[in-house]
């Protein structure tokens, strides 16, 4: 490394130098395990076997490869017909029948009676005055109908001569 070389110069020089590839070690592959042939003496389950299943039976043979779809379907139907799998979770939001509306009790209606006038009060607050309601699309009032403007305060116009000088300078520069 050169003593006068800065960080960025050293970094640039190192990036520009070609990098020698690392030697790759060739690892011999382990011998492949022989593929086990399916045993011919194990018979695939039948519909009669699936019909004889109960809750304590072993269902693993019915979900293996080569099992007929109708046999598998019957075995799964028997498995999930067990009442153990028919327990509904109380937290399941889809388990209720929302087509059946439960009637509102008299006590609940009495507790909701305070809310009857809420919307009426909001409507009253949003309704314009009768004069405004008579002509909602009327244009701006005529010049004779407008109230006169108050006279300008002399204090405001005389109080800021510096602002007036700035305004005059802007007008001259335009």
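Numbering (the working numbering), first residue to last: 5 to 178. Don't be surprised by glycine CBs; every beta carbon is placed ideally from N, CA and C. Fair warning: this is a prediction, and the values are worked out from it, not measured in the lab.
For residue j and residue i, believed in contact at Cβ under 8 angstroms, the rounded distance
i: residue 83; j: residue 51; result: Rounded, the Cβ-Cβ distance is 15 angstroms, inconsistent with contact.
Environment of residue i [buried if 16+ CB atoms lie within 10 Å]
i: residue 27; result: exposed
i: residue 47; result: exposed
i: residue 54; result: buried
i: residue 23; result: exposed
i: residue 49; result: buried
i: residue 57; result: buried
i: residue 75; result: buried
For residue i, the nearest candidate out of the options (CA to CA)
i: residue 86; options: 61, 73, 123 and 154; result: 61
i: residue 59; options: 116, 74, 31 and 80; result: 80
i: residue 108; options: 128, 9 and 116; result: 116
- Query: Do the stretch 86-98 and the stretch 65-76 make contact, defined as three or more Cβ pairs closer than 8 angstroms?
  - Reply: no
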